[in-house]
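Chains as they are written, first to last, in this note's numbering: chain A, 2 to 268; chain B, 158 to 429.
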């Protein structure tokens with residue numbers, strides 16, 4: 002794979018987008034472009050997510066998914082375009098909940114589960130957890146089935162437990178939108194099944210919108226209410242049935258596939 | 158009890174212990190963040206940069222004591238330079254520190270070599286290995302002011318610094334000014350190192366930063382406890398090291414670091 006001739010053209014793609022007239026927009030990315038030197042990583046990416054919708058972002062390696070997430074999280078400035086949550090460009094941990102793929106903390110960092118969750122609630126690392134915070138942290142840990150992890154050192158957690166805790170951390174601020182970057186990464190088969198069940202429950206929410214980056218067809222099939230196929234630009238944006246039965250499926254399922262190159266200026 | 162009271166009856170020992178406790182506690186507190194960020198090598202780098210600054214002061218014909226005031230901005234500028242290279246993402250932290258470290262040290266050697274021959278001889282050994290027992294009251298006041306100001310900044314920013322140390326991206330999303338804190342930590346480390354060089358010298362100062370934090374890290378289950386444990390370790394290690402230095406009649410910098418090292422080994426064994 003990799004040559005542009007092997008991919009369907011944009012005109013052939015499913016385009017069943019949410020209906021702006023009927024659905025309340027929570028998140029909007031408009032005309033996002035980003036280049037690193039001569040490499041155009043994203044070109045004119047636009048999409049939006051209505052309240053409660055679970056959008057799966059898929060695409061091959063090098064497709065610009067991570068760059069797009071960084072822009073959405075405010076960690077990277079786009080060359081053009083903007084991101085808005087509820088019409089506002091201000092992105093913070095109370096509007097966006099983020100579950101990172103890679104956990105960057107130092108292996109010896111002495112942190113307990115409740116400290117990590119409370120830190121997101123407060124915006125600083127807690128010296129002591131206040132009573133009001135304790136209640137919220139307990140509640141969100143219960144929601145992700147991690148009540149028993151209170152007091153545990155985060156370095157002692159399994160892959161599945163770690164993802165639950167990071168999910169609790171993201172949810173504790175009651176954000177408008179949840180960003181999940183390959184949450185199955187580093188999780189064993191049993192843990193993955195539980196995680197997918199939990200993500201499914203979250204996807205059933207009528208209020209919380211989400212963007213899930215995943216290479217697992219099972220996760221996508223179970224949780225996605227809409228799928229956006231990105232390969233440096235929006236190739237397809239439609240309902241899961243349309244995309245999962247489509248020629249894009251190999252690219253969704255196989256993360257080893259590299260981004261394709263186009264003849265219209267996007268390298 | 159003579160072994161305890163005899164050293165304390167000497168004014169120079171009391172000054173040394175007060176100074177050692179302040180510097181030991183401060184180095185340990187800042188060391189928690191240095192160690193958790195995997196930047197232990199930076200203590201060495203900035204200590205050698207401090208040598209360049211002191212040598213520049215000596216070239217400008219100020220006393221060894223006053224050279225500290227030249228070394229302070231010099232080392233802070235080097236630390237910010239390392240921070241800038243780190244943030245640009247072009248080089249790894251060890252490479253950036255290694256380059257600044259060797260260039261600054263070489264500059265120090267050059268500055269000392271350029272001093273006119275009629276100037277008084279410089280005791281390089283005291284710069285390299287420290288001379289805490291020679292600390293005067295004036296020095297003690299300077300160390301106290303710098304240590305107090307640094308401690309206040311550290312206490313005021315601790316919760317944000319801790320979050321940014323845990324994960325910069327998550328902290329940034331929570332509104333923590335990660336870049337500003339990174340530069341602040343480097344500048345504070347530079348200040349603490351310049352002040353500490355007088356105590357344990359350039360060669361050993363990085364151990365003063367790394368060992369108490371590493372020891373506390375082995376035992377503590379939260380960053381708050383790790384910080385408190387490291388500070389206690391720094392203060393106690395410095396005091397016990399000075400007692401050992403007095404009774405064994407050997408260099409105090411070495412006995413302080415060896416005491417801290419013994420604490421680390423005990424913690425390592427206890428952990429197993």
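C-beta atoms are modelled at their ideal positions from N, C-alpha and C, and glycine is treated no differently. All values derive from a computational prediction rather than experimental measurement.
Asked	Found
Is residue 152(B) close to chain A? Criterion is C-beta to C-beta, closer than 7 Å.	Chain B is shown from 158 up to 429; residue 152(B) falls before or after that span and cannot be answered.
Can you find a C-beta in chain B that's less than 7 Å from the C-beta of residue 128(A)?	yes
Quick check: the segment 184-191 of chain B against the segment 236-247 of chain B, are there 3 or more CB pairs under 8 Å?	no
Would residue 166(A) pass as a contact of residue 114(A) if the rule is Cβ separation under 7 Å?	yes
From residue 275(B) to residue 218(B), what does the alpha carbon distance come to, in whole angstroms?	11 Å
Does residue 105(A) have its Cβ less than 7 Å from a Cβ in chain B?	yes
Assign residue 223(A) to one of three DSSP states: helix, strand, or coil.	helix
Whose CA, out of 409(B), 298(B), 224(B) and 203(B), lies closest to the CA of residue 260(B)?	203(B)
Just to confirm before moving on: does the CB-CB distance between residue 207(B) and residue 310(B) stay below 7 Å?	no
Does residue 231(A) come out as helix, strand or coil in the three-state DSSP assignment?	strand
Based on Cα-Cα distance, which residue from 394(B), 160(B), 215(B) and 360(B) lies nearest to residue 269(B)?	215(B)
Out of 36(A), 35(A), 47(A) and 39(A), state which residue places its alpha-carbon closest to the alpha-carbon of residue 235(A).	47(A)
Return the CA-CA distance between residue 241(A) and residue 238(B), expressed in angstroms with no decimal places.	50 Å
Can you tell me which of the three DSSP states residue 51(A) falls into?	strand
Against chain A, does residue 246(B) count as a neighbour if the rule is that its beta carbon must be under 7 Å from one of theirs?	no
Since residue 89(A) sits in a beta bridge, which residues does DSSP pair it with?	86(A)
Answer yes or no: does any C-beta atom of chain B fall closer than 7 Å to that of residue 30(A)?	no
How many angstroms separate the CA atom of residue 425(B) from the CA atom of residue 55(A)?	48 Å
Would you say the segment 78-89 of chain A touches the segment 118-127 of chain A, given that touching needs at least three Cβ pairs under 8 Å?	no
With a threshold of 7 Å between beta-carbons, can residue 383(B) be considered close to chain A, or not?	yes
Would you identify the three-state DSSP class for residue 158(A), choosing helix, strand or coil?	coil
With a 10 Å radius around its C-beta and 16 neighbouring C-beta atoms as the bar for buried, classify residue 81(A) as buried or exposed.	exposed
Would you say residue 186(A) faces chain B, with C-beta separation under 7 Å as the test?	no
So what's residue 360(B) in DSSP terms, helix, strand or just coil?	helix
Is the number of C-beta pairs between the segment 335-354 of chain B and the segment 398-415 of chain B that are closer than 8 Å three or more?	no
Is the segment 48-68 of chain A in contact with the segment 29-38 of chain A, if contact means three or more CB pairs nearer than 8 Å?	yes
Closest to residue 419(B) by CA distance: which of 408(B), 407(B), 398(B) and 429(B) is it?	398(B)
Quick one: what's got a C-beta closer than 8 Å to residue 118(A)'s C-beta in the same chain, skipping five residues either side?	138, 141, 142, 166, 169, 170 and 173
List the endpoints of the continuous beta strand (DSSP E) containing residue 182(A).	178-182
DSSP three-state label for residue 81(A), please.	strand
Within its chain, find whatever has a CB closer than 7 Å to the CB of residue 313(B); leave out the 5 residues flanking it on each side and keep chain order.	none
Give the DSSP bridge partners of residue 99(A), in chain order.	180(A)
When you compare the CB of residue 320(B) with every CB in chain A, is at least one pair closer than 7 Å?	yes
Residue 280(B) to residue 386(B), Cα distance in whole Å?	35 Å
For the ligand GTP, any of its heavy atoms closer than 6 Å to the Cβ of residue 47(A)?	In terms of ligand content, the structure shown is empty, and the ligand GTP therefore cannot be addressed.
Comparing the C-beta of residue 68(A) with each C-beta of chain B, is any distance below 7 Å?	no
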